[in-house]
Structures are given as structure tokens and as C-alpha cells.
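Below is one structure, written out as C-alpha cells; comments come after it.
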Amino acid sequence: PHDVAALIPIIAGAGGIVTTWEGAPAERGGRIVAVAERIEGAAREIDASGLLVMPGGIDSHVHLAQPTFGGPKMSDDFLTGTRAAIAGGTTTVLPFAMQPRGAGLRAVVQEYHQEADGKAYCDYGFHLIITNPSPSVLGQELPALVGDGYTSFKVFMTYDDMVLNDRELLEVFECARGCRALVMVHAEGYDAIKFMTERLERAGKTAPYYHGVSRPEIVEREAAHRAISHAELTDVPIMIVHVSGREAMEQIRWAQNRGMKVYGETCPQYIALTADDMKGLNMDESGGKYVCSPPPRDHASQEAIWQGLTAGVFQTFSSDHCPFMDGVDGKRSPKAKTSFKWVPNGIPGVETRMAVLWGLGVAQGRIGMNEFVALTSTNHAKMYGLYPKKGSIAPGFDADIVLWDPARKETIRQALMHGACDYTPYEGLAVTGWPVMTILKGKPVCEEGRILGAPGDGAFLKRGISPYASK
Ligand code: DUC
Ligand code: ZN
Ligand code: ZN
Ligand code: ZN
Numbered sequence: 211p212h213d214v215a216a217l218i219p220i221i222a223g224a225g226g227i228v229t230t231w232e233g234a235p236a237e238r239g240g241r242i243v244a245v246a247e248r249i250e251g252a253a254r255e256i257d258a259s260g261l262l263v264m265p266g267g268i269d270s271h272v273h274l275a276q277p278t279f280g281g282p283k284m285s286d287d288f289l290t291g292t293r294a295a296i297a298g299g300t301t302t303v304l305p306f307a308m309q310p311r312g313a314g315l316r317a318v319v320q321e322y323h324q325e326a327d328g329k330a331y332c333d334y335g336f337h338l339i340i341t342n343p344s345p346s347v348l349g350q351e352l353p354a355l356v357g358d359g360y361t362s363f364k365v366f367m368t369y370d371d372m373v374l375n376d377r378e379l380l381e382v383f384e385c386a387r388g389c390r391a392l393v394m395v396h397a398e399g400y401d402a403i404k405f406m407t408e409r410l411e412r413a414g415k416t417a418p419y420y421h422g423v424s425r426p427e428i429v430e431r432e433a434a435h436r437a438i439s440h441a442e443l444t445d446v447p448i449m450i451v452h453v454s455g456r457e458a459m460e461q462i463r464w465a466q467n468r469g470m471k472v473y474g475e476t477c478p479q480y481i482a483l484t485a486d487d488m489k490g491l492n493m494d495e496s497g498g499k500y501v502c503s504p505p506p507r508d509h510a511s512q513e514a515i516w517q518g519l520t521a522g523v524f525q526t527f528s529s530d531h532c533p534f535m536d537g538v539d540g541k542r543s544p545k546a547k548t549s550f551k552w553v554p555n556g557i558p559g560v561e562t563r564m565a566v567l568w569g570l571g572v573a574q575g576r577i578g579m580n581e582f583v584a585l586t587s588t589n590h591a592k593m594y595g596l597y598p599k600k601g602s603i604a605p606g607f608d609a610d611i612v613l614w615d616p617a618r619k620e621t622i623r624q625a626l627m628h629g630a631c632d633y634t635p636y637e638g639l640a641v642t643g644w645p646v647m648t649i650l651k652g653k654p655v656c657e658e659g660r661i662l663g664a665p666g667d668g669a670f671l672k673r674g675i676s677p678y679a680s681k
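As numbered in full-length UniProt numbering, residues 211 to 681 make up the sequence shown, in order.
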């Protein structure tokens, strides 16, 4: 009775997954219609012997083609960034559409659509970065955009060009409560960072390593607590993103234990890197390759992050992919050599996210494979209004699948990467477990590092209201 196109036998059995055929009408194509022990008469079979069949990764925190004011350009656009995503087993990304100060939001969203149109190798949606919460943005633009499928916002508590003061944070939170959008919070305190930065510069401490010293965990903890307080005052759920260590995590756990809907996200850099990486070779500029915000911490912090991952403090594990070249047009610009404060903040990671979590987590017995799927796919779909379309393998869901080899040993290295950045911060990291095939809406788009998909395979996702955004 089904339009059978792809049959994926699991571990050499006769069972598999039936998806609607490739040429089906758009609203019917690429979906799972059956998961069964026996399937006959498939038009195509994919041998998945010895492999795990998992939902395609969803990376709910990536930056693509986002302008950086007065700084170097991000190295990935929608084409190269989503190409890297599918090579790493990820089939959906949620980048940001950023409102420059003073600009209207609707026009900005249209610009990002133009950037992405016809270029993406995987599906995508947009979060809205709000830098200018004017009455018309809060009163008209945001409610309308939420209705159009942009159902999450991000606000910043630091950066000259993006920081919101407490009053503005409260206004955005209240707006989000009204339109049931989920607010992501970048929790680092602006004034404390500025104070620390100037003190370090006066002492001649300008190497990339001091980026970490300028924004210690105290600064992240203070901002996390302030955001939580504002959320309590306005009675709205929030998601604190890119949590780097124990201090901010304990604030989130404290709020969760009080029954608040405060969620947490963490990232590969906080389990795989430490502040020492920013020392480079003898405190030289090569440390800039690891500069991101919040910065990587220490080994004790990594342990705390694992506790947060296993205890359910964190719902999502995202890359915070924010790539800049390691060359003179990026991390080593002439300006960046004068002070860490000019080193662009962010590192690539969309392609390595799943392999890092499997390698350091599942393969080393720290988390189970069900937790892995929740942290890399299912929870992202649920949190950001993509469930029950994405994030699981069941009838009705999009046939986004990654075939994972849990026994494959690989060493992460730049030569394997598919983005446009010229380095990976995980160079030399040996892992067990690797994606061997990525399937997007029933179509194999990457196999053994070979890209089979094409720009435009990915479509814009109009997202629903997050059930986690309401009380
Ligand atoms: N925040 C992000 O979310 N990404 C990169 C840099 C930053 O500060
Ligand atoms: Zn951020
Ligand atoms: Zn820490
Ligand atoms: Zn980010």
C-alpha cells in the first residue's frame, strides 16, 4: 500500500524503514511511512549491517553568514556550513537571523532567507537575535514572526553591538511570554568583562590566553543568575545556552530544583577543550584557534559538564558553530595580534559535534546511546517546535537518518572536514564512533565523507510553538 523508495535493513536483518518515494508530492515526500521487521519489494536497499540507525542530528545553535561588526567574516555560509553538517551526521540546523541595532526585524529575516535560499544541504530554521527591543519590534514584529515559524529568540548580556540592559531583557522576556517564544540567553556580564579586559590590557596581558581570564566562570554565573531572576519576575521559561562549567550549571540546577522552567545547553568545546589550549605554543597567537565565548575552562569543569549531561540539567548538546579562519583574515588579523579582545569569538564544530559526544561520551561509558540521541537530536526537536516532524524514527517523521558505526576509529583532522574553515579545534582527537551515511528526507546525502546531496536539498522549516516555552 505504500510508495516504497528506501528500505534500510537494520543490522543485516530483513527489517527496515520505508520512506515515501523521492518523487512524491512535496507534502508526502521524504517521510517515514513504516518501521517494520519485514519489508519486501523495496525499490532500494541500504545495507546497514553492523551500524546503528539513529535520527539525523539536529544542531540548534549554529552561526552561518552572520555579519560581525568591524571584525573578520565568518568562514561558513549556508552552503559550506550545511555541507559540513551533513558530513557530520546532522540533518537540521538552526542558525540565527541577527537584527543589527536600529534595523527592523522583518527585513533582516528576508536577508537571511536570501542568503540561504537554494544553498542549504540540510533543513534549517532561524532563531531571531534581538538587539533593538523597540515598542514596534516587541509589539508587532515579534508576534507576527513567531506566527510565521520563527519561534525562538536569542538575547545577549554582553558585546557592545548586542548587549541588552536589564530593563530590555525584561521587556523581551515579557514579550516572549506573550507570544510563547522560547528565549535563549547568552549569559556573560558586560561590565565585568570590560573591567577585566582593561585591567589585563594595562598589565600587557594581551595574548589569546587572557580572553579566558577576562571572562571567568564568576562572570557567567552572575549573568546566569540575573537572567534566571528576570525570568522568574516575568514568569517565562528560558534556555541558557553554551554553559561552560559548574558555576553557571549550578544556577540552572538551582532554578530547576525550585520548579522553574530554566533549560540548559552545553557544547563540545566544554568537554573537549580547556583554557590551556588558548596558550597556543608559548602564549603565541595560535591560541586564538580556541577563543570562543564563554571560553573553555578546566578539567574539573569538564567533569561538572558531564554531571550536568547525565543528571538532565542540560537538554541539548549543540555546536555553537561560529567559524573564523585561523589566517590573517580571521584569528590572526593584525588587529587581533594587539589584543585578545580583537580575536573573533567562536570556533567551528557543526561537523564534529556528534563524533565528539559519541567518542568522549558513549564510547567512554559516560553516557548511553539513548542519551546521545536525546542530546543530539530528539530534545532539540522538542525544545524548538520541530516535534513530531524531526528528532525520531517513526511513521510520520521526516526520514532524516544517520547510520553510525560505533566501532569505527578515527582521528579528527582538518583533512576530513567539509566546511570552509581552515582548521578544526579538535585536530588530533582520537575517537571511536563515526557517521558513515547521512540520509535527508529519504535521500542519502553523504556517504563515507562523500557528498551526494546538492545545495537546495535542504528546506526552510517553519517551526511550531515550543511546548517548553509555556508555563
Ligand atoms: N556567542 C555565541 O553564541 N556564539 C559565538 C560567540 C558568542 O559569543
Ligand atoms: Zn552566545
Ligand atoms: Zn568551568
Ligand atoms: Zn552561538
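Ideal Cβ placement from N, Cα and C applies to all residues, glycine included. Quick caveat: nothing in here was measured; it's all calculated off a predicted structure.
- Distance from the C-beta of C631 to the nearest heavy atom of ligand 4 is not below 8 Å.
- Annotation for A294: V560, E561, H628, G629 place their beta carbon closer than 6 Å to its own, counting only its chain and skipping 5 residues before and after.
- The C-beta of S503 has 16 or more other C-beta atoms within 10 Å across all chains shown, which makes the residue buried.
- Rounded to the nearest whole angstrom, the C-alpha separation of N467 and I403 is 29 Å.
- For ligand 2, no non-hydrogen atom lies closer than 8 Å to the CB of F383.
- Listed in chain order, the non-local C-beta contacts of A433 below 7 Å within the same chain comprise M367, A397, E398, G399, local neighbours out to five positions each way being set aside.
- Taking a 10 Å sphere around the C-beta of I428, we find fewer than 16 other C-beta atoms and assign the residue as exposed.
- Nearest to A317 by alpha-carbon distance, out of Y331, A625, L352, is L352.
- In chain order, the residues with a C-beta atom nearer than 7 Å to some heavy atom of ligand 1 are H271, H273, Y369, H396, V451, H452, C502, S503, D530, C532, N555, G556.
- Relative to ligand 2, the beta carbon of F527 is positioned no closer than 8 Å to any heavy atom.
- Boundaries cannot be given for C631, as no beta strand (DSSP E) includes it and DSSP labels it neither H nor E.
- Inside the stretch 282-328, DSSP marks whole beta strand (DSSP E) runs of 3 or more residues at positions 300-303, 306-308, from first to last along the chain.
- At a Cβ-Cβ threshold of 9 Å, V583 and R618 do not count as neighbours.
- For the pair R456 and I515, the CB atoms are nearer than the 9 Å cut-off.
- Relative to Q324, the option among P654, L289, K599, G571 whose CA is nearest is L289.
- Residues of the same chain with a CB within less than 8 Å of the CB of A244, apart from the 5 flanking positions on each side, are H212, I227, V228, P605 in chain order.
- Looking only at S529, G569, Q525, M459, the smallest Cα-Cα distance to A510 is reached by M459.
- Out of Y597, W552, V612, the CA that lies nearest to the CA of A565 is found in V612.
- Closest option to F383, judged by alpha-carbon separation, among E442, R431, A413: E442.
- Here the stretch 636-644 makes no contact with the stretch 303-318; the two share fewer than three CB pairs at distances below 8 Å.
- About 15 Å separates the CB atoms of E475 and T520; that is not less than 8 Å, and the two are not in contact.
- For T548, same chain residues with a beta-carbon under 7 Å away, outside a window of 5 residues either side, are T416 in chain order.
- No heavy atom of ligand 2 is found nearer than 8 Å to the CB of F534.
- By alpha-carbon distance to P616, the top candidate from V472, H531, G571, A664 is G571.
- Between T588 and G601, the CB-CB gap stays under 9 Å.
- Beta-bridge annotation (DSSP): Y334 is paired with V303, F670.
- Non-local C-beta neighbours of V641 in its own chain, meaning closer than 8 Å and more than five positions away in sequence, comprise A565, V566, W568, G569, L570, A573, K619, E620, T621, I622, ordered along the chain.
- As the crow flies, the alpha-carbon of L380 is around 7 Å from that of T444.
- Note: I227 is bridge-paired with V245 in the DSSP secondary-structure output.
- Distance between R431 and G388, taken at the CA atoms: about 27 Å.
- For Y400, the enclosing alpha helix (DSSP H) covers residues 400-412.
- Within the stretch 531-585, complete alpha helix (DSSP H) segments of at least 4 residues are found at 563-567, 579-583, given in chain order.
- Between the beta-carbon of G659 and that of A297 there is about 6 Å, and that keeps the pair under the 8 Å contact cut.
- If you look at A640, you'll find it isn't in any alpha helix (DSSP H); it sits in the beta strand (DSSP E) that goes 640-650.
- In this structure, the beta-carbon distance from Y594 to L392 falls below 9 Å.
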